[in-house]
Amino acid sequence: MADAQPTIHDVERDIMGRPSERNTTNLDLKRMKMILDLLGDPQDSFRIIHITGTNGKGSTARMAEAICRAYGMRTGLYTSPHLEHVNERIAIDGQRLSDDDFVELWNQVKDFVALVDAKMDAEGAPRMSFFEVLTAMAIWKFADAPVDVAIVEVGMGGRWDATNVLDADAAVIGPIDMDHMAWLGDTVEQIAAEKVGIIKPGCTAVIGPQPHEDEVMPIIEQAAAENHATLVRDGVEAEVVARMPAVGGQMVTLRTPNGTYADVPLDKFGEHQAHNALAALCAAEVVIPVTGALDGDLVGEALSSVKIPGRIEQVRNSPTIIIDGGHNVNAAEALRAAIEENYDFTQLVAVVAMMEDKQVEEYLGALEPIVSEIIVTENSWKDRVMPAEQLVDIARDVFGPERVTCIPDLPEAIQEAVNRVDAEDELGVGYGHGVLICGSFVTAGDARMLLKESIHPDLKLSKSERVHQPAVTPETRVDAAVEDAAEREYESDADTDFDVFDVKGILGADDDAAE
999 MADAQPTIHD VERDIMGRPS ERNTTNLDLK RMKMILDLLG DPQDSFRIIH ITGTNGKGST
1059 ARMAEAICRA YGMRTGLYTS PHLEHVNERI AIDGQRLSDD DFVELWNQVK DFVALVDAKM
1119 DAEGAPRMSF FEVLTAMAIW KFADAPVDVA IVEVGMGGRW DATNVLDADA AVIGPIDMDH
1179 MAWLGDTVEQ IAAEKVGIIK PGCTAVIGPQ PHEDEVMPII EQAAAENHAT LVRDGVEAEV
1239 VARMPAVGGQ MVTLRTPNGT YADVPLDKFG EHQAHNALAA LCAAEVVIPV TGALDGDLVG
1299 EALSSVKIPG RIEQVRNSPT IIIDGGHNVN AAEALRAAIE ENYDFTQLVA VVAMMEDKQV
1359 EEYLGALEPI VSEIIVTENS WKDRVMPAEQ LVDIARDVFG PERVTCIPDL PEAIQEAVNR
1419 VDAEDELGVG YGHGVLICGS FVTAGDARML LKESIHPDLK LSKSERVHQP AVTPETRVDA
1479 AVEDAAEREY ESDADTDFDV FDVKGILGAD DDAAE
């Protein structure tokens, strides 16, 4: 009897159960280069927009993809993290992979993953991480589709990120700020040095507005010069000329190196989204085979259609419920500015769950001026979420004890927030009264599931049964010079004992030795 085919949940748990990329002991591209070699270098078959930055990567990626697709290009989109389903991360022509397609994709690459794992086991090195596996799956799918252009969001950092096996035609670097310090460095200069790693020889480097311009721009400009890359800087070669709030978003006028696009409708709130749209447009101009400026109507049609789940997303009207997955200070400041510009709340109750490794006090401080009261809670990633009992102490220092409530259960916390705004809404129409659910993409994803008409089956499971990576405490970061030397040694080793065709010699009799 043939073995039963795995389900999407089986595959998701298999992949997400792999080692985390969040460890400084596996910061190299060895495993990714090895599996792409086995697959026949599929990354060479399409053009590439590669996007990094502390915030705005996902929004910029979706906008760039929409513009390219509007021009008739077949597109591949790879983003992270996912909010509800792992197959959200990979999309072809704007449509995420179906459950069946994702399972089939895993079946196509799993034996190659097993080859790399076996080689790593023999060397006493880490196996492929879950993010490396997903990245390899995305690249293989894009080549198999085939796509004309892949729009790829960096997972974390840039230089040693699994996606950096790609050579970008357009390398987009959004705002660089403090985040993931344990992995990327504890100064903005160190973080910038990691992110400029996506600038490759001869590419166009599209640079967003930098909150730490004096510290960051010299590092970016040096990397561009070393790689003979063309610089397109927000505020220099390109700019947001004008913007005006509109129903459901804003109207923007954008200037790029190729022309000016007037009165473009953008279906997202916030000044930061106007700058994300500018970066996306500049990147799209690089890869779309058109001389000069793009067609303004096509650009407007594309940008007006982009939906970005979990980013200042209004999911209910009465009362107004907004979900945002941002988790750092820069994201909190953008969220506050967007709410101040586009809403007129007299009462805003925040429901907040955050991860332990974030700048929690600073994040809450950025939101404090617009929040009437806060309910602290926990999301479903038990290994990484900050316990509500710990978060409540920080919140009380920021908001004062009288404005803080602790309800560890997220569904109960959301319901209590809704009850409080309903009690103050005498007209019952929701105007001026709102709920903000924020602090993490996991929090945003959990909330989106809960606020649907039906309950997602994962939320009926205990926290320990849900699909999340185990938390990782990073070891001491290795000096960059040492890492670079090790990478050069690997690259120059012409006498490698790894034969990509010696399948039986590596796996032996067990063709499924993935673990």
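Here the numbering used here is used: position 259 in the sequence shown is 1257, and no number is missing along the way.
Note that beta-carbon positions come from the ideal geometry of N, C-alpha and C, so glycine has one too.
#1: Could you tell me the alpha carbon to alpha carbon distance between E1235 and C1201, rounded to whole angstroms?
#2: Given a cut-off of 8 Å, decide if I1310 and F1267 are closer than it, judged by their beta-carbon atoms.
#3: Put D1423 into one of helix, strand or coil per three-state DSSP.
#4: At a cut of 8 Å, does the stretch 1352-1366 reach the stretch 1325-1343 through at least three beta carbon pairs?
#5: Buried or exposed, going by whether 16 or more other CB atoms sit within 10 Å of the CB of A1492?
#6: Could you tell me whether the stretch 1116-1128 touches the stretch 1043-1055, where touching means 3 or more Cβ pairs closer than 8 Å?
#7: Here's the rule I'm using: 16 or more other beta-carbon atoms within 10 Å means buried, otherwise exposed. How should D1177 be labelled?
#8: Short of 7 Å in beta carbon distance, which residues of its chain neighbour E1422, apart from the five on each side in sequence? Order them along the chain.
#9: Would the stretch 1187-1195 and the stretch 1211-1218 be scored as touching if the rule is three or more Cβ pairs under 8 Å?
#10: Would you please state the rounded distance, in angstroms, between the beta carbons of A1348 and T1058? I believe it to be under 8 Å.
#11: Determine the burial state of Q1220: buried for a count of at least 16 other Cβ atoms within 10 Å of its Cβ, exposed for fewer.
#12: Under a three-way DSSP split, which group does T1441 fall into?
#13: Short check: CB of T1052 to CB of P1243, under 8 Å?
#14: If you follow the alpha helix (DSSP H) that T1058 is part of, which residue opens it and which one closes it?
#15: Less than 6 Å between C-beta atoms, sequence neighbours within five positions excluded: which residues of the same chain meet that for I1013?
#16: Q1388 lies in the alpha helix (DSSP H); which residues open and close that run?
#17: For D1142, name the three-state secondary structure that DSSP assigns.
#18: Please report how far the alpha carbon of D1355 lies from the alpha carbon of T1289, in whole angstroms.
#19: Going straight from the alpha carbon of L1389 to that of D1293, what length do you get?
#20: Comparing alpha-carbon positions, which option in V1239, P1199, G1246 lies nearest A1223?
#21: Which of the three DSSP states is assigned to N1417 in this structure?
#22: DSSP on Y1429, reduced to helix/strand/coil?
#23: Taking a contact to mean a Cβ-Cβ separation below 8 Å, would you say V1262 touches L1301 in this structure?
#24: Can you grab the Cα-Cα spacing for the pair I1321 / A1336, in whole Å?
#25: Kindly provide the ranges of any beta strand (DSSP E) runs that are 3 or more residues long and lie completely inside the stretch 1356-1381, ordered along the chain.
#26: Measuring alpha carbon to alpha carbon, tell me which of L1025, R1016, D1098 ends up nearest P1004.
#27: In the structure shown, what three-state DSSP assignment does K1461 receive?
#28: Counting C-beta neighbours from all protein chains within 10 Å, is the total for V1433 16 or more, i.e. buried, or is it exposed?
#29: Within the same chain, show all residues whose beta-carbon is closer than 7 Å to that of S994, passing over the 5 residues directly before and after it, in chain order.
#30: Thinking C-alpha only, which one of Q1106, Q1093, E1063 is nearest V1037?
#31: Going by DSSP, what residues sit across from R1314 in a beta bridge?
#32: Apply the 10 Å Cβ neighbour rule to A1002 and answer buried if 16 or more other Cβ atoms are within range, or exposed otherwise.
#33: Whole angstroms is fine: what's the gap from V1498's alpha carbon to E1121's?
#34: With a Cβ-Cβ cutoff of 8 Å, do V1383 and E1359 count as a contact?
#35: Look at the Cβ atom of A1148, then the Cβ atom of A1281, and state whether they are nearer than 8 Å.
#36: Which two residues bound the contiguous alpha helix (DSSP H) that contains H1048?
On the basis of the supplied data:
#1: 16 Å
#2: yes
#3: coil
#4: yes
#5: Because A1492 carries a pLDDT of 47, less than 50, the predicted location of this residue cannot be relied on, and no value is offered for it.
#6: At 8 Å Cβ cutoff, the stretches do not touch.
#7: buried
#8: The residues Q1345, H1431, in chain order, have a CB closer than 7 Å to that of E1422 in the same chain once the five nearest residues on each side in sequence are set aside.
#9: yes
#10: So it is not a contact: roughly 26 Å between Cβ atoms.
#11: Classification for Q1220: exposed.
#12: helix
#13: no
#14: 1055-1068
#15: Excluding sequence neighbours, I1013 sits near F1128, V1131.
#16: 1386-1397
#17: It is helical.
#18: Cα to Cα, the separation comes out at about 46 Å.
#19: 49 Å
#20: P1199
#21: Residue state, collapsed to three classes: helix.
#22: coil
#23: yes
#24: 13 Å
#25: 1371-1374
#26: D1098
#27: The predicted position of K1461 is uncertain, since its pLDDT is 46 and thus under 50; no value can be drawn from it.
#28: buried
#29: In the structure as shown, the chain starts at 999 and stops at 1513, and residue 994 therefore has no counterpart that could be examined.
#30: The question names Val, but residue 1037 is Leu in the sequence shown. When C-alpha distances from L1037 are compared across Q1106, Q1093, E1063, the shortest belongs to Q1106.
#31: I1319
#32: It is exposed - the Cβ of A1002 has fewer than 16 other Cβ atoms within 10 Å.
#33: At V1498 the pLDDT is 46, less than 50, meaning the model places this residue with poor confidence and gives no usable figure here.
#34: no
#35: no
#36: Premise fails: H1048 lies in the beta strand (DSSP E), 1045-1050, not in any alpha helix (DSSP H).
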